[in-house]
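Trainee:
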Amino acid sequence: MRNFITRFAKDESGATAIEYGLIAALMAVAIIACLAAFGPQMKAAFAGIGDTMDGAKDNDITAG
4 MRNFITRFAK DESGATAIEY GLIAALMAVA IIACLAAFGP QMKAAFAGIG DTMDGAKDND
64 ITAG
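Residues in the sequence shown are numbered consecutively from 4, following my numbering.
(1) For Asp57, which residues in the same chain have their Cβ closer than 8 Å to its Cβ, ignoring the five residues on either side in sequence?
(2) By the three-class DSSP mapping on this structure, what secondary structure does Asp57 have?
(3) Curious, which full-length alpha helix (DSSP H) runs of at least 4 residues does the stretch 6-48 contain?
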């Protein structure tokens, strides 16, 4: 029984997978937090870019 407990305590076969899982979960939380914090600003920026592109397309059609 003591031998089994010693081997079990020294076994690290699943530690790496768990560490990678924790890192992935932490990254997901960080990404979600950034999107929640900066989402409205990013939406406004991309809307402005889209409006500019629409304006350029309209100017090209009417000029040509």
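Built from N, CA and C at the ideal position, the CB exists for glycine as well.
Mentor: In terms of the structure at hand:
(1) Listed in chain order, the non-local C-beta contacts of Asp57 below 8 Å within the same chain number zero, local neighbours out to five positions each way being set aside.
(2) The DSSP-derived three-state label of Asp57 is helix.
(3) The DSSP assignment places no complete alpha helix (DSSP H) segment of no fewer than 4 residues inside the stretch 6-48.
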